[in-house]
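Worksheet: one structure, shown below.
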Amino acid sequence: MVERRDQLVLVLNAGSSSLRYQVIAVPAGQRVAGGHVDRVGDAGHGAALDRVVTDITRSGLDSRLTAIGHRVVHGGARHRGPALVDDRLEASVDQLARLAPLHNPSALEGIRRARQAFPHLPQVAVFDTAWFADLPEAARTYAIDRDLALQEEVRRYGMHGISHQYVTGLVARYVGRPAVDLDQIVLHLGNGASAAAVKGGRPVDTSMGMTPVEGLVMGTRSGDIDPGALIHLLRHAGLDVDALDGLLQHRSGLQGLTGSSDFRDLESALEAGDRSARLAYDVYCHRLRKYVGAYLAVLGGADTIAFTGGIGENVPRLRADALAGLVALGVEIDPVRNHAELEGPRVISTPDSGVTVLVVPTDEELAIAQQAAELLDA
-18 MVERRDQLVL VLNAGSSSLR YQVIAVPAGQ RVAGGHVDRV GDAGHGAALD RVVTDITRSG
42 LDSRLTAIGH RVVHGGARHR GPALVDDRLE ASVDQLARLA PLHNPSALEG IRRARQAFPH
102 LPQVAVFDTA WFADLPEAAR TYAIDRDLAL QEEVRRYGMH GISHQYVTGL VARYVGRPAV
162 DLDQIVLHLG NGASAAAVKG GRPVDTSMGM TPVEGLVMGT RSGDIDPGAL IHLLRHAGLD
222 VDALDGLLQH RSGLQGLTGS SDFRDLESAL EAGDRSARLA YDVYCHRLRK YVGAYLAVLG
282 GADTIAFTGG IGENVPRLRA DALAGLVALG VEIDPVRNHA ELEGPRVIST PDSGVTVLVV
342 PTDEELAIAQ QAAELLDA
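Residue -16 in the working numbering sits at position 3 of the sequence shown, with consecutive numbering throughout.
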């Protein structure tokens, strides 16, 4: 139930080809309205936002909104938390599009049209990179010429920070311990996938780097690959820079290995005994297990490991296989708990497991609404 003291925050999540929105009551966390526009196409996000504005106006919610929160993928090194939208913020998001050419322009268009449609409402940008802005220098620095790296803003930024931060806090509340007392590994597994090592409530490493391409195997992105292999393709395969970018962003990962980016298709092919699917699945699990092991070393052991995202929350087989063989490191999955069809946060490790393994549903839109409301209340 929405109470008078609740703020109604419109959350806009503009992807490269889609626009999702929700109206959320804060602090109650209730969804009042929501929807999405897929395949935005040539008309752009402006036309999609016009549809959102029409839906909200017809429902009578436009007069009740108190703020608008925007998801912005890349905030560079300068944006370390949510920021009030103004002309300077717009210019900054525009400048940072060089670091996220597939995502920041969509967010910027959403911000501009929302300011036109709701000029009386305060608007807040919430950055996916912000939570990782203060990564330790050793974790965020690439070993290339330091002057060139500084000039071109080359460093590890990390993405999915909104989700990782939200899940980290939820895990702490669920296990009944302060986040500052916990060492956590969070695995956000969806079409995009990333891992984060969190010590005392703050991230100390993450798998995505300067761009969302680095790290785990994803739906269409390669994840880790030898840079020398890319130079080889440029020299010998007739690829130019744009073709190479298209390969890494759209024709790699599960898509490149199996012809489909949908994990459900991979599962079906596995059941049918498809050898390409088996290899893709094994590569996916191997990369995931490799990062878990690395982060156990970075943290000096972990108290919790949390699976989240569409794949992490819904594929028990993957959770078990990705963590198989880690009993010596204190990680042991309970098969019954792992396959139980329950909603909300839940433990899937055995009572004797040294590391508590959980499934924790993420909620990026709620996190954005909460951060926007907190900034405006401060």
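Glycine included, every Cβ here is placed at the ideal spot set by N, Cα and C.
Within 10 angstroms of the Cβ of residue i, are there 16 or more other Cβ atoms? Answer buried if so, exposed if not.
i, result
"Glu322", "exposed"
"Leu131", "exposed"
"Val33", "buried"
"Ile5", "buried"
"Val161", "exposed"
"Tyr123", "exposed"
"Ser40", "exposed"
"Glu195", "buried"
"Gly306", "exposed"
"Ala359", "exposed"
"Glu133", "exposed"
"Ile92", "buried"
"Pro184", "buried"
"His55", "buried"
"Leu269", "buried"
"Ala114", "buried"
"Gly219", "exposed"
"Glu324", "exposed"
"His145", "buried"
"Val317", "exposed"
"Leu277", "buried"
"Glu343", "In the sequence on display, residue 343 carries Thr and not Glu. Buried, because 16 or more other Cβ atoms sit within 10 Å of the Cβ of Thr343."
"Gln76", "exposed"
"Asp186", "buried"
"Ile37", "buried"
"Asp263", "exposed"
"Ile125", "exposed"
"His26", "buried"
"Ser44", "exposed"
Tell whether a beta-carbon distance below 8 angstroms holds between residue i and residue j.
i, j, result
"Asp315", "Ile329", "yes"
"Val7", "Ala354", "yes"
"Ala261", "Leu280", "no"
"Ala88", "His51", "yes"
"Val167", "Thr149", "yes"
"His294", "Tyr147", "Correcting the residue type first, residue 294 is Glu in the shown sequence and not His. No, these two residues do not count as a Cβ contact at 8 angstroms."
"Val105", "Val66", "yes"
"Leu0", "Ala29", "yes"
"Val338", "Leu304", "yes"
"Gly274", "Leu170", "no"
"Gly234", "Arg202", "yes"
"Leu163", "Pro326", "no"
"Asp284", "Gln165", "yes"
"Leu251", "Arg245", "no"
"Tyr265", "Ser188", "no"
"Ile49", "Ala111", "no"
"Leu360", "Val13", "What the structure shows of the chain is the stretch from -18 to 359, and residue 360 is not part of that stretch, so it cannot be assessed."
"Val336", "Val308", "no"
"Gly256", "Gly190", "A small fix is needed here, since residue 256 is Arg in this sequence, not Gly. No."
"Pro103", "Leu357", "yes"
"Leu225", "Leu211", "yes"
"Gln11", "Thr47", "no"
"Gly200", "Ser242", "yes"
Please name the residue or residues paired with residue i in a DSSP beta bridge.
i, result
"Ser175", "His169"
"Tyr123", "Paired residues: none, contrary to the question."
"Lys180", "Asp164, Arg183"
"Gln11", "Ala6"
"Ala261", "Its beta-bridge partners do not exist; DSSP assigns none."
"Leu251", "In the DSSP output, where bridge partners are listed per residue, Leu251 has none listed."
"Arg1", "Asn(-6), His17"
"Leu(-11)", "Ala6"
Should residue i be listed as close to the ligand MN, given that the test is whether its C-beta is under 7 angstroms from any heavy atom?
i, result
"Val296", "Of the ligands one can find in the structure shown there are none, so the ligand MN has no counterpart to examine."
Are the region 10 to 20 and the region 77 to 95 in contact at 8 angstroms, needing three or more beta carbon pairs? They do not touch, by the three-pair rule.
Does the region 162 to 178 come within contact of the region 134 to 146, defined as at least 3 CB pairs closer than 8 angstroms? Yes, they touch.
Below 8 angstroms, can you find three or more Cβ-Cβ pairs linking the region 223 to 232 to the region 107 to 126? Verdict: no, contact absent.
Three-pair Cβ contact test at 8 angstroms for the region 215 to 222 versus the region 149 to 158: In short, these stretches do not touch, since the Cβ pair count stays below three.
Runs of 4 residues minimum, wholly inside the region 24 to 92: which ones carry the alpha helix (DSSP H) assignment? Complete alpha helix (DSSP H) runs here, min 4: 25 to 40, 68 to 76.
Contact the region -11 to -4 vs the region 340 to 358: 3+ CB pairs below 8 angstroms: Output reads yes: the region 340 to 358 touches the region -11 to -4.
Could you give the uninterrupted runs of the beta strand (DSSP E) lying entirely in the region 99 to 159, keeping only those of 3 residues or more? Look at the region 99 to 159 and you find these whole runs of beta strand (DSSP E), each 3 residues long or longer: 104 to 108.
Sufficient close CB pairs (3 or more, under 8 angstroms) joining the region 54 to 66 to the region 205 to 212: Taking 8 angstroms as the limit for Cβ pairs, the verdict is that the region 205 to 212 does not touch the region 54 to 66.
Residue ranges of each beta strand (DSSP E) within the region 277 to 350, 3 or longer: Within the region 277 to 350, the complete beta strand (DSSP E) runs of at least 3 residues are 285 to 289, 337 to 340.
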